[in-house]
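Using this note's numbering, read the sequence shown as starting at 3 and increasing by one per residue. Cβ atoms here follow ideal geometry from the backbone N, Cα and C, with glycine treated the same way. Keep in mind the model is a prediction, meaning the values are calculated, not measured. Here is the structure we will look at, set down as structure tokens.
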Amino acid sequence: MSTKNVSDRSSYPNRVFSHQDEDPKVLESIEQIFLSRRGYVFQPPVDEDVVLIYSGGLDSTTVIDMIINDWGVKIFPLFVRRSARATKYEEAAVRFFTQYYVEKYPGKMGELEVVETEVPPLAFKHYAETDRLQRLGHPLRNVVLQSLGVQYAQKLRSSVSPNLRTVITATVGDDTFPHSSLAAIRTLNLAACIDSGDWSWQITSPLIDTQLPNRPLFKRDLIQYAMEAGLPLDKTRTCVEAGEPDGTCTECSERIEAFRQLGITDPIQY
């Protein structure tokens, strides 16, 4: 996991170029398409409604507070029961924080939407290559989740928010899977625009989108923000295993290391 400070802008290209999951030429080409078709790559949705794909983890929980404060958005959270081992624990965290933010920011948190679909289907998981999963994750996993975000946003367009155009995910700078790269997110954004015939759609993570200043943000940056904001991080769910957090899975290890870098004790008991 990178220990570069978010303010060190020069560290970003080095991080990106060092991973096979990000090609700056591909990213530039995609962004040029957006510029030619609509005149911008990404516009902050100030005072707009947005859909957030919400997992109940530290990253997505913290980004809620950030974008409400930075942009004044109203958030419509979407949780996907995807048959993962930790699904019921993730959903408990999502429900806790949805109510938490309803009370903290009146009028800024919409009703929680929950859908159920296997991502990937369980029959496919049984034949997955363990070493591949550790390096690259499930193929097209995020494509499915982010596509559901667009479909939910379209539903909201037809009912309560006709101008909704933005779907938010919470990828951070520490994430190294190909599907967590900015190029992957831009690619799905492009596909959504072409598939729907609507070039207003925006799909992004405000934590890594370089159209915003001082990006990417890393997990330790989010922890520092959350601690200053008084967020109850002990209620978030990071561990991907069933049962109590084990402290040994990749996600737990990254969280523990981020707290260690800051010299702060993680409020979760492992």
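Range covered by the beta strand (DSSP E) that runs through residue i
i     : result
Arg87 : Where Arg87 is concerned, there is no enclosing beta strand (DSSP E), given that its DSSP letter is neither H nor E.
Asp51 : Asp51 to Ile55
Reference residue i, options the options, closest by Cα
i      : options                           : result
Met68  : Arg239, Leu224 and Thr250         : Leu224
Val117 : Ile35, Asp61, Asp268 and Ile55    : Ile55
Leu166 : Lys27, Val53, Pro26 and Phe81     : Val53
Asn144 : Thr171, Ala125, Leu158 and Ser163 : Thr171
Glu33  : Val75, Gly249, Tyr227 and Leu184  : Leu184
Gly41  : Glu24, Tyr107, Ser202 and Lys157  : Ser202
Ile205 : Met111, Lys27, Pro26 and Pro46    : Pro46
Pro215 : Arg188, Asp72, Asn191 and Gln101  : Asp72
Leu37  : Val104, Ala244, Arg188 and Arg262 : Arg188
Thr173 : Leu147, Ser163, Gln156 and Arg159 : Leu147
Ser207 : Gln156, Gly151, Ser255 and Glu30  : Gly151
Glu30  : Ala186, Gln263, Arg222 and Gly245 : Ala186
Leu219 : Gln226, Ile210 and Ile70          : Ile210
N-terminal and C-terminal residue of the alpha helix (DSSP H) that residue i is part of
i      : result
Gln204 : That residue, Gln204, is in no alpha helix (DSSP H); its beta strand (DSSP E) goes Gln204 to Thr206.
Gln213 : Neither: Gln213 is in no alpha helix (DSSP H) and is coded neither H nor E.
Gly58  : Unbroken run through Gly58: none, as it is neither H nor E.
Gly151 : Arg143 to Arg159
Thr252 : Thr252 to Leu264
Leu219 : From DSSP, Leu219 is part of no alpha helix (DSSP H); its letter is neither H nor E.
Lys27  : Pro26 to Arg40
Cα-Cα separation between residue i and residue j, rounded to whole angstroms
i      : j      : result
Val65  : Val43  : 20 Å
Thr5   : Ser161 : For Thr5, the predicted structure reports a pLDDT of 37, less than 50, and the residue's modelled location is therefore unreliable. The matter cannot be settled from this model.
Glu259 : Pro180 : 22 Å
Thr63  : Gln153 : 22 Å
Pro269 : Arg257 : 11 Å
Phe78  : Ser182 : 22 Å
Gln271 : Pro247 : 8 Å
Thr212 : Gly58  : 25 Å
Leu233 : Gly109 : 19 Å
Ala193 : Arg39  : 13 Å
Pro123 : Leu80  : 19 Å
Gly265 : Glu253 : 19 Å
Leu60  : Ser149 : 22 Å
Leu235 : Leu142 : 29 Å
Identity of the residues DSSP links to residue i by a beta bridge
i      : result
Met111 : Ile77
Glu118 : Arg83
Val169 : Val53 and Ile205
Any non-hydrogen atom of the ligand NAD closer than 8 Å to residue i Cβ
i      : result
Val116 : Absence of the ligand NAD is noted for the structure shown, with no ligands found whatsoever.
Inter-stretch contact at 8 Å, needing at least 3 Cβ pairs: the segment 233-247 / the segment 87-100: yes
Inter-stretch contact (C-beta, 8 Å, three-pair minimum) for the segment 186-199 and the segment 75-88: The segment 75-88 and the segment 186-199 do not touch, with fewer than three beta-carbon pairs separated by less than 8 Å.
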